[in-house]
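Data block below; observations after.
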Amino acid sequence: MFIKKFASIAALSLSAIASFSYAESAHAVTFKVTTGIESIDGKTNQGAFSEFSKNKDVVTVDFNSGKVPTTGFAKYSFSGNNSGVWSDMWAPVGAKGEKNDSNYLEVFEGSNAIINLEKNLNYFGIDWGAAHTNNTYSFFNGDKLVNSFTTKDIDLAGGFAIYSALHPGSNEDGAKLDPTTNQYIQGNGYVHFYSESNKDTFNKIVISQVGGGGFETDNHSFHAGAKGFDFENGTTAVPEPGVALGLLAVGGLLLRKRKNQKSLNLG
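Numbering (mature numbering (1 follows the signal peptide of the UniProt record, and there is no 0)), first residue to last: -23 to -1, 1 to 244.
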């Protein structure tokens, strides 16, 4: 059972999962960074997945079909040029730093990926990397900005869970110097954004790249809820009736079930 298995993320061995958190007192949307886990079907070349992806009320978009959802619960759209679903060396790495051969979401300088949601969310997770300065996530409820985070916020909170030699880079936010090669390498990790109260749920997410570089993410996980998200147990503070049905009602998409894990496959 997921809750028994993940009754306390904090209790997991730090050798198996690196975890950091950052929150300002005025902000009830916060985040934690972990290594994530491998796909439930055991594939290690698909990037990292949320530890909550086994939760029956969590839905994951993995981009493996080469498309984004444009109807249903989570509607993706783009502003600007060139952003979309890609497959190349910059895909976020797996939970143990494995190369990711699958498709992922890429947002380039001056453009946005916009996710409009049919229900309010209290949790959104992404496999993030290779990190660049001014990778930016903004969370809205309607037109009201709830909170916004950049790569520097991850650095201030303790850094990414993995720094990968597969992603060589420069001295910028989200990177660190590899003492063995004297070369900067970029950060990767599974980043969990979640609401701590009912006042900070969100129904729109904007993924932006401000300045040079790109913003690479994979395996987006969603949890709907009108209450704060209990990160330690992977649930809402008070269970929301009909949440699972709302998440499953994704128009025009095929919901692929891998045992207890659900991913959206647009193929």
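Ideal Cβ placement from N, Cα and C applies to all residues, glycine included.
Taken atom to atom, the span from the alpha-carbon of ASN210 to that of GLU28 is near 11 Å. Beyond the five residues adjoining it in sequence on each side, ASN80 comes within less than 6 Å, by CB distance, of PHE40, ASN41, GLY43, VAL62 and SER64 in the same chain, given in chain order. Taken through DSSP and simplified to helix, strand or coil, ASP155 comes out as strand. Around GLY146, the same chain offers ALA152, TYR161 and GLN163 as residues with beta carbons nearer than 6 Å, after the five sequence neighbours per side are excluded.
DSSP lists TYR100 as the beta-bridge partner residues of HIS200. For THR128, the enclosing alpha helix (DSSP H) covers residues 128 to 133. Around the beta carbon of LEU122, fewer than 16 other beta carbons lie within 10 angstroms, which makes this residue exposed. Membership of SER141 in the beta strand (DSSP E) is indicated by the continuous run 139 to 145. In the three-state scheme derived from DSSP, where H, G and I count as helix and E and B as strand, PHE40 is classed as coil. From the listed residues LYS9, VAL45, PHE85 and ILE14, the smallest Cα separation to HIS109 is found for PHE85. Taking the CA atoms as reference points, THR157 sits about 11 Å from ALA142. For ILE162, the enclosing beta strand (DSSP E) starts and ends at 160 to 172. Ranked by Cα distance from LEU133, the first of GLY119, VAL10 and LYS76 is VAL10. From the listed residues GLY136, THR48, ALA72 and LEU94, the smallest Cα separation to VAL183 is found for LEU94.
Taking C-beta atoms as the reference points, PHE117 and SER172 fail to come closer than 8 Å. Closest by C-alpha distance to SER185, out of VAL70, GLU83, ALA68 and GLY24, is GLU83. Residue environment for ASP104: buried (at least 16 other C-beta atoms within 10 angstroms of its C-beta).
Ranked by how close their Cα comes to the Cα of GLY190, the residues GLY106, TYR100, SER115 and PHE179 have GLY106 in first place. Under a 10 Å Cβ-count criterion, LYS31 is classified as buried, with 16 or more other Cβ atoms of the shown protein chains found around its own Cβ. Rounded to the nearest angstrom, the Cβ distance from GLY119 to ASN180 is 7 Å, consistent with a contact under 8 Å.
ASN196 and GLY87 have their C-alpha atoms roughly 23 Å apart. Non-local C-beta neighbours of ASN175 in its own chain, meaning closer than 7 Å and more than five positions away in sequence, comprise ALA203, LYS204 and GLY205, ordered along the chain.
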